[in-house]
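Report on the structure given below.
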Amino acid sequence: MAKLTKLDDIVALCKRRGFIYQSSEIYGGLASCYDYGPLGAELKRNVRNAWWKTVVQMRDDIVGLDCSILMHPMVWKASGHADKFADLVTVCKKCSTRTRVDHLQEKPGGQQEHTEHVAIDAEEAKEHNLSKKVCPSCGTVGQFNKPMAFKLMFETQMGANVDDTMTLWLRPETAQGIFANFRNVLDSTRVKVPFGIAQIGKSFRNEVTTKAFIFRTREFEQAEIEFFCKPGTDEEWYKHWKDFRFNWYLNLGMKKENLRFRDHDKDELAHYAKACVDVEYKFPFGSGDWQELEGIANRQDFDLRQHQRGMRTMNAWYETRDVTKLQLKDEAEDWIKGPLSYFDEESKERFVPYVIEPSAGIDRSCLAFLVDAYDEDEINGEQRNVLRFHPSLAPIKTGIFPLVKKDGLPEIARNIYDELKGCFACFYDEKGAVGRRYRRQDEAGTPCCITVDGQSKEDQTVTVRDRDSLKQDRVNTAQLKNYLRDKLGL
RNA sequence: GCGGGUGUAGCUCAGUGGUAGAGCGUCACGUUGCCAACGUGAAUGUCGUCGGUUCGAGCCCGAUCACCCGCUCCA
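Following my numbering, the residues of the first sequence are numbered contiguously, the last one being 491.
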């Protein structure tokens with residue numbers, strides 16, 4: 002089976018076939034940034050489309066959304082990112098290794114200090130006793146500089162004049178755009194709880210460490226759903242989404258033995274999460290192999306209630322226009338009737354919905370699909386590289402070839418190509434031996450290839466060769482479109 | 001960020017101070033009637049980048065950038 006055992010093999014394959022290149026390569030590259038080449042762009046779009054089709058188009062309880070990346074700073078104040086989305090790090094005086102404070106331990110596997118995503122200003126000011134902590138790199142005890150906050154959001158400026166420029170952040174997650182539009186969607190679409198809002202888009206996090214190819218990058222693409230439901234039904238929906246999302250990967254051909262769930266421990270959960278599970282894929286690289294593709298969390302009513310607090314804080318915002326200088330107002334006593342609450346006509350109850358959040362990484366999924374599809378086999382003693390993509394993910398759906406470049410075969414093949422390219426991503430090729438053309442398409446993951454031969458001139462049939470079985474069917478050209486639709490399930 | 005490793009043609013890599021190489025791939029022409037065939041020919045290099053040593057640097061030295069492995073982390 003697949004012999005991609007090292008990340009290097011995957012990187013080489015991606016580059017060789019035009020799936021993924023390093024960003025700005027002609028200038029020596031830019032750390033943690035990657036570009037999708039011709040085949041990669043198709044694959045990525047197919048992954049996006051497959052997700053959208055499954056969670057939006059095929060469901061009647063989810064609607065789509067496409068928010069701007071730049072949002073009002075108060076969004077990040079209310080969500081907690083502005084104050085808490087940072088890691089407290091310290092530097093060892095001996096070996097200058099940088100370590101997160103909450104990862105430092107005292108001698109015998111001792112207690113850890115939990116400082117992840119805490120109020121950074123307060124934490125930074127606070128006295129941290131690191132005198133007994135051990136540097137994980139050199140083993141020196143208690144020799145650390147004062148902890149510093151490492152902020153994970155990218156800053157940028159908006160506005161033409163220095164006077165009225167405003168500091169904004171590039172969104173670190175797409176989810177907040179959904180919460181911020183919860184009211185809009187309710188008021189404009191006739192949706193009723195339970196329902197969800199789905200979005201695909203870029204997010205940005207200035208990670209301390211990147212590495213591992215496109216697995217962790219500072220710019221990445223998320224596919225997120227916020228599914229709003231009535232408190233008390235949340236556990237049921239959590240389970241629903243867990244299964245639903247796991248099956249999505251399986252239905253797109255991912256091998257079951259390479260997928261698993263990993264439940265978060267209680268102490269691993271964010272304070273607002275009631276439960277969280279990761280869908281993990283067994284990548285052939287890195288430590289521990291299993292790496293997260295998607296997280297599914299029960300966030301309860303935390304986010305909507307936070308934004309209700311944010312909306313109450315706007316007077317303070319107008320005074321300073323600086324979220325670092327203001328405090329979020331306390332919750333109203335009747336927060337349950339607040340602007341982001343929902344009135345259920347059936348039960349005549351008003352409540353702030355609970356939220357189940359399935360949050361997937363598009364880039365990670367692309368990589369997993371790519372790795373999972375890769376295979377090497379043997380045909381008549383010759384080795385073959387093949388990507389066994391599910392037809393809906395395959396960058397090219399069919400290759401169209403004249404068997405030889407003469408006797409009018411190219412003209413017939415061209416006509417077929419022109420006929421089909423409006424329906425499927427096709428690739429026309431008339432150069433060299435047909436066997437070579439088949440193999441090239443195998444390596445791109447094309448599920449089938451159409452070949453025009455001498456018989457085609459007599460009876461208007463062509464052969465359709467299957468990528469995996471190598472078997473050929475003879476199909477009348479008039480039936481070709483339907484045949485392919487059927488075969489590819491498109 | 002730390003430790004270790006790597007960087008030469010599109011890819012895989014050889015090249016240990018004296019003219020920049022191979023295999024595969026790509027392209028052209030011929031041949032070829034179903035699975036990487038064959039023949040002939042061709043194109044392709046800031047030797048990651050910048051600086052230093054030297055008569056001379058892909059090779060030695062320094063810095064820097066990027067990637068990989070480990071520590072770590074997460075969508």
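Heads up, the beta-carbon is just placed ideally off N, CA and C, and yes, glycines get one too.
For Tyr-28, the number of other beta carbons within 10 angstroms of its own is below 16, and it is reported as exposed.
The shortest C-alpha to C-alpha distance from Ile-451 to any of Arg-440, Gly-423 and Gly-400 is the one to Gly-400.
In the DSSP assignment, Gly-65 falls within the unbroken beta strand (DSSP E) covering 63-66.
Taking the C-beta atoms as reference points, Val-387 is found no nearer than 9 Å to Asp-373.
For Gln-473, the enclosing beta strand (DSSP E) starts and ends at 473-477. In this structure, Thr-175 is the residue among Thr-210, Gly-446 and Thr-175 with its C-alpha nearest to the C-alpha of Gly-202.
Rounded to the nearest angstrom, the Cβ distance from Arg-300 to Tyr-273 is 6 Å, consistent with a contact under 8 Å.
Under the DSSP assignment, Asp-376 falls in the beta strand (DSSP E) whose first and last residues are 375-380.
Taking 8 Å as the upper bound for CB-CB distance, Ile-417 and Trp-238 are not in contact here, some 48 Å apart.
By the neighbour-count criterion, in which a residue is buried when 16 or more other Cβ atoms sit within 10 angstroms of its Cβ, Tyr-250 is buried. Secondary structure of Ser-360 (DSSP, three-state): strand. Beta-bridge partners assigned by DSSP to Cys-277: Ala-298.
Three or more Cβ pairs closer than 8 Å define a contact, and the segment 390-407 meets that threshold against the segment 424-431. For Ile-413, the uninterrupted alpha helix (DSSP H) run begins and ends at 410-421, by DSSP.
In the structure shown, the three-state DSSP call for Ala-79 is helix. By the neighbour-count definition (other C-beta atoms within 10 Å, threshold 16), Tyr-319 is an exposed residue. For Asp-244, the secondary structure class from DSSP, reduced to helix, strand or coil, is helix. The DSSP-derived three-state label of Ala-199 is strand. If you check the CB distance, Ala-317 and Leu-327 come in under 9 Å. Ala-445 and Gly-423 have their C-alpha atoms spaced approximately 20 Å apart. Each of Ala-434, Ala-369 and Val-192 was checked against the Cα of Ala-213, and the nearest Cα belongs to Ala-369. Three or more beta-carbon pairs separated by less than 8 Å are not found between the segment 151-161 and the segment 274-285, which leaves the two stretches without contact.
Excluding the 5 residues flanking it on each side, Arg-18 has same chain C-beta neighbours closer than 7 Å at Leu-40, Glu-444 and Ala-445, in chain order.
Taken through DSSP and simplified to helix, strand or coil, Asn-386 comes out as strand.
For Ala-199 against Val-56, the beta-carbon gap comes to about 5 Å, under 8 Å, which counts as contact.
For Gln-23, the uninterrupted beta strand (DSSP E) run begins and ends at 21-23, by DSSP. Beta-bridge pairing by DSSP links Pro-403 to Val-453. Burial is judged here by how many other beta carbons sit within 10 angstroms of a residue's own beta carbon; Thr-325 has fewer than 16 and is exposed.
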